[in-house]
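Working notes, structure below.
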Amino acid sequence: MYQYYFRPGYQSEELLIDVFGGAEKESFFPDFMEAIKEINPKMIDILDLWMNDEVLMTIDSDAGTFTVSKDIWGFAFIMADNNQEGLHRINSILEKAQQFEKVDVDFENYK
1 MYQYYFRPGY QSEELLIDVF GGAEKESFFP DFMEAIKEIN PKMIDILDLW
51 MNDEVLMTID SDAGTFTVSK DIWGFAFIMA DNNQEGLHRI NSILEKAQQF
101 EKVDVDFENY K
């Protein structure tokens, strides 16, 4: 089971999906792509930011373009600053996915 928050970025109005439980598993990315398969996701770019111990994957889909950031500390973020509608659609899909659990969060904690 993967646990996530659908929350604003720190000091931002833009929302993101913060996967904090299970993202350290090697199966996270394939499981995520399988969960959102209804929007036909296709990886169009991958950037290994070795200095930050982070990988950025750019995904194009029927819901628009978004980025998945995964780091070595077991966190993953799904971001789409210019595609908030698409991010809402991904959240709706994950809410119904058996392997994902949305955890409620207080937006005030991110101001």
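For the sequence shown, UniProt numbering gives the first residue as 1, with consecutive numbering after it.
Glycine included, every Cβ here is placed at the ideal spot set by N, Cα and C.
Under the three-state reduction of DSSP, I44 is assigned to strand. In this structure, the beta-carbon distance from I46 to A63 does not fall below 8 Å. The three-state secondary structure of F6, taken from DSSP, is strand. By the Cβ test, the stretch 56-74 is not in contact with the stretch 99-106, since fewer than three Cβ pairs between them sit closer than 8 Å.
For I90, the enclosing alpha helix (DSSP H) has its first and last residue at 84-96. Under the three-state reduction of DSSP output, I39 falls in the helix class. Sorting M57, I36, D71, D60 by C-alpha distance to the C-alpha of G22 places D71 at the top.
Residue environment analysis places P30 among the exposed positions, since fewer than 16 neighbouring C-beta atoms fall within 10 angstroms of its C-beta. Put simply, of E26, L16, P41 the residue whose alpha carbon is nearest the alpha carbon of E85 is L16. When the Cα atoms are used, K42 and Q98 turn out to be separated by approximately 22 Å.
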